[in-house]
Amino acid sequence: MTRTCVRADIAYKVSLLQIRNRRKHWPVIAPYGTHIAGKATGQNQTFGGSLTRPLGPAGSSGCHGWRKETVEMDVLVRDVPEQVVITEQRMVDQAALESWLPGAMSRVLRAAGDAAAGTIDQPHLERDHLPHEPVFIVIYEGNPNEGETAVECCTPLRAGVPAPADAASRLVPAHREAYSRVTKNVVESGRIGEVYVAIEQWIGSNGLDIAAAPRETYWTDFYAAAGNDVVFDIAFPVR
């Protein structure tokens, strides 16, 4: 019997980023191409499908050790209020992204100072019942693995608090997002691309349009999380 192997290209690598002044570690994740099938269940949608992935060391190729795995996830919708963010933007390819982003996260948080909005100040994230954590949003206008693209790293400010005069800031309009929560196990298994594809399929199948670039919202300590714990959101603004 002939066996055919198709290997998905990982568009972005996982980096664990240390925010020194908070002693937290954050993963930087973004999509890679693959396929997943979905079934609508009202506003929320549960996706299940078969994922073929290598069992060997990361980066290995070939057909040896491949198996089928089933991945299930929920796509949800939330309204995000208008907010001011402290921002740093750069044109980067993948190598430059990995070099730039850890420092950018530290700089925007430091620039925001006491005005920074953490999880308690962001009820739409539904993390306000847990210990207070800083919040970061990373917006990708394209795929850095394919060449230079604009990436924005920002941290939101508390409502009604003016932005520090010496910090770069902008207003993010209120919008609706289709999003999914990602567990640490999904991150470490290299299946993040499944999430991006599933959300995009959900948007199309529910008569919505993508309104802006996808983003990842980080709100917890990645290293302290257990395997089944959710560690961040992947979201697409929709209309």
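Residue numbers (my numbering): 142 to 380. All C-beta atoms in this analysis are idealised placements derived from N, C-alpha and C, irrespective of residue type, glycine included.
Pick helix, strand or coil for residue i, following the three-state DSSP scheme.
i, result
"Gly283", "coil"
"Ala300", "coil"
"Pro275", "strand"
"Ala367", "coil"
"Ala256", "helix"
"Asp307", "coil"
By the DSSP assignment, the alpha helix (DSSP H) with residue i in it spans what residues?
i, result
"Glu335", "333-346"
"Gly239", "The sequence given here places Glu at residue 239; Gly does not occur at that position. Segment 235-253, the alpha helix (DSSP H) holding Glu239."
"Glu329", "325-330"
Assuming residue i and residue j make a contact with CB atoms under 8 angstroms, what is their CB distance in whole Å?
i, j, result
"Val323", "Val372", "6 angstroms"
"Thr296", "Val276", "6 angstroms"
"Val216", "Ala353", "Not really, about 17 angstroms apart at Cβ, beyond 8 angstroms."
Taking the straight line between their C-alpha atoms, what separation do you get for residue i and residue j?
i, j, result
"Phe377", "Pro355", "5 angstroms"
"Val327", "Leu238", "22 angstroms"
"Ser346", "Glu213", "17 angstroms"
"Ser240", "Gly288", "15 angstroms"
"Ala149", "Pro303", "Any reading at Ala149 must be qualified, since the residue scores a pLDDT of 25, below 50, and its modelled position is unreliable; no value is offered."
"Ala315", "Tyr364", "31 angstroms"
"Gln235", "Asn284", "8 angstroms"
"Arg231", "Cys294", "9 angstroms"
Assign residue i to one of two classes, buried (16 or more other C-beta atoms within 10 Å of its C-beta) or exposed (fewer than that).
i, result
"Asp374", "buried"
"Leu271", "exposed"
"Gly390", "Lying outside 142 to 380, the shown extent of the chain, residue 390 is not represented and no answer is given."
"Arg332", "buried"
"Glu223", "exposed"
"Pro198", "Residue placement at Pro198 is flagged as unreliable, the pLDDT there being 36, under the threshold of 50; the coordinate-derived value follows with that caveat. So Pro198 counts as exposed."
"Gly301", "exposed"
"Arg268", "buried"
"Leu312", "exposed"
"Pro264", "exposed"
"Gly254", "exposed"
Output the boundary residues of the beta strand (DSSP E) element that contains residue i.
i, result
"Pro378", "371-379"
"Arg311", "310-313"
"Glu357", "356-359"
Just to check, is the beta-carbon of residue i closer than 7 angstroms to a non-hydrogen atom of the ligand HEM?
i, result
"Arg317", "For the ligand HEM, the structure offers nothing, since it holds no ligand at all."
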